[in-house]
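K.L.:
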Ligand SMILES: NC(=O)c1ccc[n+]([C@@H]2O[C@H](COP(=O)([O-])OP(=O)(O)OC[C@H]3O[C@@H](n4cnc5c(N)ncnc54)[C@H](OP(=O)(O)O)[C@@H]3O)[C@@H](O)[C@H]2O)c1
């Protein structure tokens, strides 16, 4: 298979690109920090900024010059801005939506005509447990991942007749190292009335990610699922307690669910 993959310079995207290459696929990987080169690992790297229409167009053209087919598109590019809703600026929301949601829209619009013309393809969109429930101080990311979830359901129905399969990957916490690259709302400081809750929530978020699952294992799982005749519409790759959190979110009254999550992230009521 010829696979395009975004956000492949680190974390889950890099782990998935490596697993796909190890499985024998042609992997054309994009990220902002890439120069155009073929690495010693056999991964073909191209610069890509999913927030720019021009960059997406250039990536697609160069990828097609390397190989005219695109059998699969895997979208891992993502950023995170931490901050309470009141403190996070509209510009910070826009940046997250532009990368995590509209970036996927742009890449899909580049790949879909090629997939239709060749009679089919596979699209894998990296959502998150945050696409299924809200987590305090991650509202921009949560909103973007909820958008991805709804969008993917529409995409899946619309493209099925063209032989295109769509799969949402919903990871729980993984040790991707992204805690070193995540952003904080610029206006957040110690004077904020949200400071104590914010400190507590970001501590829990960091702790959970540091103690999270192995990215390479996720990469291998995504590679295995991509090779199946039929991909699942949703693939949740999470710890038992994160599966439980989603189950309870759907089962419990919202007030009770909010109480449990506030206690977990803020440590008090
Ligand atoms: N780690 C987890 O626990 C976890 C849990 C649930 C879901 N996820 C999802 O999994 C995906 C990967 O997350 P991660 O934790 O592996 O994050 P990460 O290590 O921070 O990687 C993010 C990747 O996105 C790329 N990127 C960021 N902005 C971009 C842009 N404008 N254009 C192109 N590439 C861009 C980065 O490369 P450059 O900076 O070089 O562009 C990097 O390769 C994300 O969609 C995330 O939401 C992760």
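Numbering (the working numbering), first residue to last: 3 to 271.
For every residue, glycine included, the Cβ atom is placed at its ideal position computed from N, Cα and C.
(1) Looking at the structure shown, is residue 33 part of a helix, part of a strand, or coil, going by DSSP?
(2) Do the region 10 to 19 and the region 220 to 230 meet, that is, are 3 or more Cβ pairs less than 8 Å apart?
(3) With respect to 6 Å, is the separation between the Cβ of residue 128 and the closest non-hydrogen atom of ligand 1 below this value?
(4) Under 6 Å: does the beta carbon of residue 186 sit that close to some heavy atom of ligand 1?
(5) In three-state terms, what does DSSP make of residue 205?
(6) With C-beta atoms as the reference, is residue 8 less than 7 Å away from residue 72?
(7) Who pairs with residue 128 in a beta bridge, going by DSSP?
(8) Would you tell me roughly how many angstroms separate the C-alpha atoms of residue 84 and residue 176, rounded to the nearest one?
(9) Buried or exposed, going by whether 16 or more other CB atoms sit within 10 Å of the CB of residue 129?
(10) Quick check: does the Cβ of residue 139 come within less than 6 Å of any heavy atom belonging to ligand 1?
(11) Name the one or two DSSP bridge partners that residue 75 has.
(12) For residue 233 and residue 124, which I take to be in contact (beta-carbon distance under 8 Å), what is that distance rounded to the nearest angstrom?
(13) How many whole angstroms separate the CB atoms of residue 228 and residue 74, which I take to be in contact at a CB cut-off of 8 Å?
(14) For residue 38, which residues from the same chain have a beta carbon less than 8 Å from its beta carbon, with the 5 sequence-adjacent residues on both sides left out?
(15) If you compare alpha carbons, which of 215, 160, 171 is closest to residue 179?
(16) Which partner residues of residue 237 appear in the DSSP bridge assignment?
P.N.:
Working from what's here:
(1) Position 31 of the chain shown holds residue 33. It is a strand residue.
(2) yes
(3) Working through the chain shown from its first residue, we reach residue 128 at position 126. Under cutoff, so the answer is yes.
(4) Position 184 of the chain shown, counting from 1, holds the residue named residue 186. Outside the cutoff, so no.
(5) Locating residue 205 in the chain shown gives position 203, counting from the first residue. Correct three-state label for residue 205: helix.
(6) To locate residue 8, count along the chain shown from 1; it is residue 6. To locate residue 72, count along the chain shown from 1; it is residue 70. No, these two residues do not count as a Cβ contact at 7 Å.
(7) Working through the chain shown from its first residue, we reach residue 128 at position 126. Its beta-bridge partners are 171.
(8) Stepping through the chain shown from its first residue, residue 84 is reached at position 82. Stepping through the chain shown from its first residue, residue 176 is reached at position 174. When rounded, the distance between both Cα atoms is 17 Å.
(9) Position 127 of the chain shown, counted from the first residue, corresponds to residue 129. Classification of residue 129: buried, given that the 10 Å Cβ count is 16 or more.
(10) As a working mapping, residue 139 is identified with position 137 in the chain shown. No, the beta carbon of residue 139 sits no closer than 6 Å to any heavy atom of ligand 1.
(11) Residue mapping note: residue 75 aligns to position 73 of the chain shown, counting from 1. For residue 75, which the question treats as bridged, DSSP gives the partners 6, 125.
(12) As a first step, residue 233 is located in the chain shown; it is residue number 231 there, counting from the start. As a first step, residue 124 is located in the chain shown; it is residue number 122 there, counting from the start. With a Cβ gap of about 6 Å, residue 233 and residue 124 count as contacting.
(13) Working through the chain shown from its first residue, we reach residue 228 at position 226. Working through the chain shown from its first residue, we reach residue 74 at position 72. Rounded, the Cβ-Cβ distance is 6 Å, consistent with contact.
(14) Along the chain shown, one-based indexing puts residue 38 at 36. Contacts found: 47, 48, 49, 64.
(15) As a first step, residue 179 must be located in the chain shown, where it is residue number 177. For the residues 215, 160, 171, the minimum Cα distance to residue 179 belongs to 215.
(16) Counting from 1 along the chain shown, the entry for residue 237 is found at position 235. DSSP, once it has assigned bridges, lists 171 as partnering residue 237.
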